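Down below is the structure, laid out as structure tokens.
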Amino acid sequence: MALPNEPVTLSVEQIAALNQKLSSLRHDVNGKLTHISLAVELLRLKPADADRWLNAMGEQPQKIVADITQFSRDLEAALHITRS
Numbered sequence: 001m002a003l004p005n006e007p008v009t010l011s012v013e014q015i016a017a018l019n020q021k022l023s024s025l026r027h028d029v030n031g032k033l034t035h036i037s038l039a040v041e042l043l044r045l046k047p048a049d050a051d052r053w054l055n056a057m058g059e060q061p062q063k064i065v066a067d068i069t070q071f072s073r074d075l076e077a078a079l080h081i082t083r084s
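All letters in the sequence shown, in the order written, are residues 1 to 84 by the working numbering.
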């Protein structure tokens, strides 16, 4: 990863946009983790539906990683960080 050689200046609008993206990321990750927690509880209550809930839980980590990856790309772009 290559960091910029000069200081990076962000406008108020750019900072606001990153803050909004971070807020959305926190909200989305929290929602996906809640989904996993609920699926675990439903598994305890209705083990017969295990396949359904295991599939629902299994999808969430990939979605969380995708959300974090996108935010990371947005942050790197704003800070002029390049991948080597």
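Where is the CB? At the ideal position from N, CA and C, for every residue including glycine. Here the structure is a predicted model, which means the values were calculated and not measured.
- Task: Inspect the beta-carbon positions of residue 10 and residue 78 and report whether they are closer than 8 angstroms.
- Result: For the purposes of this step, residue 10 is taken as residue 10 along the sequence shown, with counting starting at 1. For the purposes of this step, residue 78 is taken as residue 78 along the sequence shown, with counting starting at 1. Yes, they are a contact pair.
- Query: Among 67, 72 and 83, which has the Cα closest to the Cα of residue 32?
  - Reply: Your numbering for residue 32 matches position 32 in the sequence shown. Of 67, 72 and 83, the residue nearest in Cα terms is 67.
- Message: Using C-beta distances below 6 angstroms, list every residue in its chain close to residue 25, excluding the 5 sequence neighbours before and after it, in chain order.
- Response: Indexing the sequence shown from 1 puts residue 25 at position 25. Contacts found: 67 and 71.
- Assigned secondary structure, residue 9 (DSSP; H/G/I helix, E/B strand, else coil): Locating residue 9 in the sequence shown gives position 9, where the first residue counts as 1. The answer is coil: DSSP assigns residue 9 none of H, G, I, E or B.
- Task: Kindly indicate which residue of 47, 7 and 39 has the alpha-carbon position closest to the one of residue 60.
- Result: Against the sequence shown, residue 60 aligns to sequence position 60. Of 47, 7 and 39, the residue nearest in Cα terms is 39.
- Residues bridged to residue 2 by DSSP? Along the sequence shown, read from residue 1 onward, the residue named residue 2 stands at position 2. According to DSSP, which records beta bridges pairwise, residue 2 is partnered with 82.
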